[in-house]
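Asks: I have a structure I would like to understand better, so I am pasting it below and will then ask my questions one at a time.
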Amino acid sequence: MNEKMKNSFLAWLFVFSGVVAVPHAAEAHHGWEEFDSTSEVTFQGTVTDFHFTNPHCVVDFNVKDEKGQVHKWQGEFYSPFELGRKGWTAATLQPGDKLTIAGHPAKNGALAIHITSIRANGKEIKP
Amino acid sequence: MSLGSSSHLSRGLSLLFLAGIVTAESSEDGIPVTDPLVIAKCGTCHASDERGNMQRISWARSTPEGWQDVLKDMIVMNSLSVTPEEARPIVKYLSTAHGLAPEESKPVMFDAERRVREETNIPTDTLRDACGKCHTFARVLSWRRSPAEWKQFADSHSKRYQVRPKPEAEAVAFLTKAAPLHTPEWDAWNAGTGAPPLTGRWLVTTAMPGRGQYYGEMQVSRTGEDEFNTSVSLTSVKDGSRLLRTGRSTVYGGTAWRGRSAGAPISPDDPSSDAREVLWIAADHSSAEGRWFWGQYQEFGFDVKLRRPAAGPTPLIVDRSSLKTGSRANRVRVIGQNFPAGVTPADLTMGPGVVVRAIVSSSPGEIVADVDVAADAQPGKRDVVLRGSSSVLAGAIAVYDRIDYLKVTPESAMAAFGDPAHPRGFQQFEAVGYQRGPDGKVHTADDVELGPVDVTWALQVFHAPEDSSSDFVGKMSPSGLLSPSTSNPNSNFDTWVIATARDDKGADGEPLVGKAYVVVTIPTYVFNGRQYVRDLDRWVDDGPAPH
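The listed protein sequences correspond, in order, to chains E and C.
My numbering numbers the first residue of the first sequence as 26 and each following residue consecutively.
My numbering numbers the first residue of the second sequence as 50 and each following residue consecutively.
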């Protein structure tokens, strides 16, 4: 390790959580402040893809509304390192898995949530 | 002078102190230092014992990059005075006499090759937090030290960088076992080192994301005991275009190839670009592998393999990586050297369920065959074997029934806007097809990689309104190169890089889609009065913020 690297990862976390005072940082990589933590929504859906990727893992899932129209949603949560410590892998969620998924909705109306809980195929998976 | 210590002891105190260290370290045999320049430059602070062991240095081994970092540290922290002409032979001597055996350096090569890799071999959370926050764990494992030296290093390193919680005991317990000074590999290798026999002709196969495979030759000529000039000629498997590169290289310790080469580049991702060469040379000097790379963030590069030519027929590469079950008359090119005249279908095999129906043409450097695949062939990798050849193209072709998903690689990445002081950081992506494998699940270890898939590319900022443009962040080229916008918006953006298959469809009948998560970042930022710049997948402290 050289002198340059001191505190680098901490800096990474700060800049990518929107905490650091970078100009327009709040508009940068979305921290969870893009989601309305005072509200929670729950969906029944079907997994279309699972991205076990940095900096956040993402679940793509379809939700069918009462008219039968399918909407493509995106659920975001922990990093692979954090999920890995809880026993998750890239294969934990498979396309076609039935989900009950809850989370804080995006403030701007995008079809995205910050996941707070997932139940897949009738079994609860706690992030 | 001390390795990794931030304090600069006065000369008199240090000699007294170091004399004690030499005694303590002597419980394990050190590696005597015999180079006059190293003794002259380092001996001022590093005391020697009667056997030629120099304090700390004699109980440590590392890669050229490891010793180079230490030398820089000594110059910056301890006011060591060396010229560039002196520094080069010092690093060369230390990474040879105090280097790593090929078996020791191979697992950590990706660090010197500047590859981003998720490390799964960090034994505890404490060490992940203590080491992994600032650098790769491979950088730790690129050193070998005695127990006393690991303890002293861990203590001083932890103190210097204020690591919390204190990891020293855990680190020393692990590293004294995982990375000891004396190993059978080192004893065997060190006994045989000398001028490496690398001159002459080498066969080269390479792959560059977005550009595909190349094959060709490298001529190596000696300019010093372990210094070489190179001339490389490569041909693209995809379009037949030619590349010519010339370069120079130094080989450290008979196994660590470090060089530079260049051609005539016309764009940032041009494979003729000026490149750093990092190769691992096998112990028997018959093969080598590594990466040639360039770019502001070393984001461009070739994966390179070298091998010595054999006297007999040698298949090197196949122009396609997968074949579909039930398909007929697939045209397959096998490229190599010394192919015999009169090759017949019976001479070429590609495994169960794959039948070479006809040899369309053959020459000493290429065999073109028509191949059928049985409808009930089991999906999986197949070896390509040419009768009379001692080499096999292991797993060169995959048989598949359908492409189950697209993986866009790298699956998570960074790119960067530029500013007047920092060129843009690009990112090359590739869409690779996969078959689900015997377990029927996707993203598991038995999935079968099928090779690049023809796709169209798009960029989409997270949470952006539907049908909005993401051009203000950057654009994707037809070959999957993300070029961030030339104007720096002074913000970071989470984006999806989206690949949509032109021809291949999923089980739902829709075109297959794969996505990678890329954060397009600002080039620098300021926090608590310090400026941070990007280094691969980390941010590093670049010193006080400019006013």
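The beta-carbon is built from N, C-alpha and C at its ideal position, and this holds for glycine as well.
1. Let me see if you follow: with CB-CB separation under 9 angstroms, is Phe102 (chain E) close to chain C or not?
2. Are Leu252 (chain C) and Tyr264 (chain C) touching if we call contact CB-CB under 9 angstroms?
3. If I measure Cβ to Cβ from Asp453 (chain C) and keep anything under 7 angstroms in the same chain, skipping five residues before and after, which residues do I get?
4. Could you check the C-alpha separation between Gln119 (chain E) and Arg369 (chain C) for me, to the nearest Å?
5. Which residues in the same chain as Ala378 (chain C) place their Cβ atom closer than 6 angstroms to its Cβ, once the five residues preceding and following it in sequence are excluded?
6. Give me the chain C residues within the contact set of Thr71 (chain E), using Cβ-Cβ distance strictly less than 7 angstroms, ordered along the chain.
7. Return the bridge partner residues of Asp590 (chain C) from the DSSP annotation.
8. What does Ala145 (chain E) pair with, by DSSP beta-bridge criteria?
9. How should Glu559 (chain C) be labelled, buried or exposed, when 16 other C-beta atoms within 10 angstroms of its C-beta is the threshold for buried?
10. Does Leu230 (chain C) pass the burial test, meaning 16 or more other C-beta atoms within 10 Å, or should it be called exposed?
11. Can you check whether the C-beta of Phe68 (chain E) is within less than 9 angstroms of a C-beta belonging to chain C?
12. Taking only beta-carbon atoms, is His129 (chain E) less than 9 angstroms away from chain C?
13. Using a Cβ-Cβ cut-off of less than 7 angstroms, give me the residues of the segment 459–470 of chain C that come near chain E, in sequence order.
14. Could you give the first and the last residue of the continuous alpha helix (DSSP H) run that contains Lys226 (chain C)?
15. Measuring alpha carbon to alpha carbon, tell me which residue in C:Asp118, C:Pro487, C:Arg297 and C:Leu292 is nearest Gly312 (chain C).
16. If distances are taken between C-alpha atoms only, which option among C:Ser439, C:Trp343 and C:Glu99 comes closest to Val327 (chain C)?
17. By the three-class DSSP mapping on this structure, what secondary structure does Gly115 (chain C) have?
18. Please report the distance separating the alpha-carbon of Gly303 (chain C) from that of Leu247 (chain C).
19. Please report whether the beta-carbon of Pro152 (chain E) lies at a distance below 9 angstroms from any beta-carbon of chain C.
20. Considering only C-alpha positions, which residue in the set C:Arg213, C:Pro151 and C:Glu348 is nearest to Pro113 (chain C)?
21. Could one say the Cβ of Phe77 (chain E) lies closer than 9 angstroms to chain C's Cβ atoms, at least one of them?
22. For Ile70 (chain C) and Pro593 (chain C), I'd like the C-alpha separation in whole angstroms.
23. Per DSSP, what are the beta-bridge partners of Val66 (chain E) in this structure?
24. With DSSP run on the structure shown, which of helix, strand or coil describes Gly308 (chain C)?
25. Would you grab the beta carbon distance between Ala227 (chain C) and Leu283 (chain C) for me? Rounded to a whole angstrom, and I think it's under 8 angstroms.
26. I want to see whether chain E comes within less than 9 angstroms of Asp368 (chain C), judged by CB atoms only; does it?
27. Could you tell me the distance, in whole angstroms, from the CA atom of Ile358 (chain C) to the CA atom of Asn127 (chain C)?
28. Could you give the first and the last residue of the continuous alpha helix (DSSP H) run that contains Gln201 (chain C)?
29. Under 9 angstroms, do Gly400 (chain C) and Val353 (chain C) count as touching if we go by C-beta distance?
30. Count the other CB atoms, across all protein chains shown, that sit within 10 Å of the CB of Ile315 (chain C); report buried if there are 16 or more and exposed otherwise.
31. In the DSSP assignment, find the beta strand (DSSP E) that holds Val605 (chain C) and state where it starts and stops.
32. Who are the neighbours of Ala115 (chain E) on chain C, taking C-beta pairs under 7 angstroms?
33. Comparing the C-beta of Leu120 (chain C) with each C-beta of chain E, is any distance below 9 angstroms?
34. Considering only their Cβ atoms, is the gap separating Gln345 (chain C) from Phe466 (chain C) smaller than 9 angstroms?
35. Looking at the structure shown, is Tyr483 (chain C) part of a helix, part of a strand, or coil, going by DSSP?
36. So that I know if they touch, is there some Cβ in chain E lying closer than 9 angstroms to that of Asp552 (chain C)?
Replies: Reading off the structure:
1. As a position in the first sequence, residue 102 (chain E) is number 77, starting the count at 1. Chain C contact via Cβ: absent.
2. Within the second sequence, residue 252 (chain C) is the residue found at index 203, counting from 1. Within the second sequence, residue 264 (chain C) is the residue found at index 215, counting from 1. In this structure, Tyr264 (chain C) lies closer than 9 angstroms to Leu252 (chain C) by Cβ.
3. In the second sequence, counting from the first residue as 1, residue 453 (chain C) sits at position 404. For Asp453 (chain C), where only same-chain residues beyond five positions count, the Cβ hits under 7 angstroms are Tyr483, Gln484, Arg485 and Val491.
4. Looking up residue 119 (chain E) in the first sequence gives position 94. Looking up residue 369 (chain C) in the second sequence gives position 320. About 29 angstroms.
5. For the purposes of this step, residue 378 (chain C) is identified with residue 329 of the second sequence, where counting begins at 1. Hits under 6 angstroms: Asp419.
6. The sequence position of residue 71 (chain E) within the first sequence is 46, counting from 1. Result: empty, since nearest Cβ-Cβ is about 11 angstroms, beyond 7 angstroms.
7. The residue you call residue 590 (chain C) lines up with position 541 of the second sequence. C:Tyr581, per the DSSP bridge assignment.
8. Mapped onto the first sequence, residue 145 (chain E) falls at position 120. Beta-bridge pairing links Ala145 (chain E) to E:Leu124 and E:Lys148.
9. Within the second sequence, residue 559 (chain C) is the residue found at index 510, counting from 1. With fewer than 16 other Cβ atoms within 10 Å, it is exposed.
10. Looking up residue 230 (chain C) in the second sequence gives position 181. Only buried fits Leu230 (chain C), as 16 or more other CB atoms lie within 10 angstroms of its CB.
11. As a position in the first sequence, residue 68 (chain E) is number 43, starting the count at 1. Among the CB atoms of chain C, none fall inside 9 angstroms of the CB of Phe68 (chain E).
12. As a working mapping, residue 129 (chain E) is identified with position 104 in the first sequence. Taking Cβ atoms only, chain C never reaches closer than 9 angstroms to His129 (chain E), which makes this a no.
13. Residues Glu460 and Ser461.
14. Residue 226 (chain C) sits at position 177 when you count from the first residue of the second sequence. For Lys226 (chain C), the enclosing alpha helix (DSSP H) has its first and last residue at Glu217 to Ala227.
15. Numbered from 1 along the second sequence, position 263 holds the residue referred to as residue 312 (chain C). When each option's Cα is compared against that of Gly312 (chain C), the closest is C:Leu292.
16. Taking the first residue of the second sequence as position 1, residue 327 (chain C) is located at position 278. The shortest CA-to-CA distance from Val327 (chain C) to any of C:Ser439, C:Trp343 and C:Glu99 is the one to C:Trp343.
17. The residue you call residue 115 (chain C) lines up with position 66 of the second sequence. Correct three-state label for Gly115 (chain C): helix.
18. Along the second sequence, one-based indexing puts residue 303 (chain C) at 254. Along the second sequence, one-based indexing puts residue 247 (chain C) at 198. Each residue's CA atom was taken as its position, placing Gly303 (chain C) and Leu247 (chain C) some 9 angstroms apart.
19. Mapped onto the first sequence, residue 152 (chain E) falls at position 127. Not closer than 9 angstroms to any Cβ of chain C, the Cβ of Pro152 (chain E) fails to qualify, so no.
20. Along the second sequence, one-based indexing puts residue 113 (chain C) at 64. Ranking C:Arg213, C:Pro151 and C:Glu348 by Cα distance to Pro113 (chain C) puts C:Pro151 first.
21. Sequence index remark: in the first sequence, residue 77 (chain E) carries index 52 (1-based). Cβ-Cβ to chain C under 9 angstroms: yes for Phe77 (chain E).
22. If you number the second sequence from 1, residue 70 (chain C) lands on position 21. If you number the second sequence from 1, residue 593 (chain C) lands on position 544. Residue placement at Ile70 (chain C) is poorly supported in this model, since its pLDDT is 46, which falls under 50; the coordinates are not used for a value here.
23. Counted from its first residue, the first sequence places residue 66 (chain E) at position 41. By DSSP's assignment, Val66 (chain E) forms a beta bridge with E:Gly128.
24. In the second sequence, residue 308 (chain C) corresponds to position 259, counting from 1. DSSP, read as helix, strand or coil, puts Gly308 (chain C) in strand.
25. For this step, residue 227 (chain C) is matched to residue 178 along the second sequence. For this step, residue 283 (chain C) is matched to residue 234 along the second sequence. Actually they do not touch by this definition, with Cβ atoms about 38 angstroms apart.
26. For the purposes of this step, residue 368 (chain C) is taken as residue 319 along the second sequence, with counting starting at 1. Not an interface residue.
27. The residue labelled residue 358 (chain C) in the question sits at position 309 within the second sequence. The residue labelled residue 127 (chain C) in the question sits at position 78 within the second sequence. First, the amino acid is wrong: residue 358 (chain C) is Pro here, not Ile. Answer to the nearest angstrom: the Cα atoms are 48 angstroms apart.
28. What you label residue 201 (chain C) is simply residue 152 of the second sequence in a count that begins at 1. Pro196 to Arg209 is the extent of the alpha helix (DSSP H) around Gln201 (chain C).
29. As a first step, residue 400 (chain C) must be located in the second sequence, where it is residue number 351. As a first step, residue 353 (chain C) must be located in the second sequence, where it is residue number 304. Judged by their CB atoms, Gly400 (chain C) and Val353 (chain C) are not nearer to each other than the 9 angstroms cut-off.
30. Sequence index remark: in the second sequence, residue 315 (chain C) carries index 266 (1-based). Here Ile315 (chain C) is exposed, its C-beta having fewer than 16 other C-beta atoms within 10 Å.
31. Since the first and last residues shown for chain C are 50 and 596, residue 605 (chain C) lies out of range.
32. On the first sequence, position 90 is the one that residue 115 (chain E) refers to. At a beta-carbon threshold of 7 angstroms, the residues of chain C lying near Ala115 (chain E) are His492, ordered along the chain.
33. On the second sequence, position 71 is the one that residue 120 (chain C) refers to. Judged by the 9 angstroms Cβ criterion, Leu120 (chain C) is not in contact with chain E.
34. Residue mapping note: residue 466 (chain C) aligns to position 417 of the second sequence, counting from 1. Residue mapping note: residue 345 (chain C) aligns to position 296 of the second sequence, counting from 1. It is not a contact, given that the beta carbons lie outside the stated cut-off.
35. To locate residue 483 (chain C), count along the second sequence from 1; it is residue 434. The three-state secondary structure of Tyr483 (chain C), taken from DSSP, is strand.
36. One-based indexing of the second sequence puts residue 552 (chain C) at position 503. Not an interface residue.
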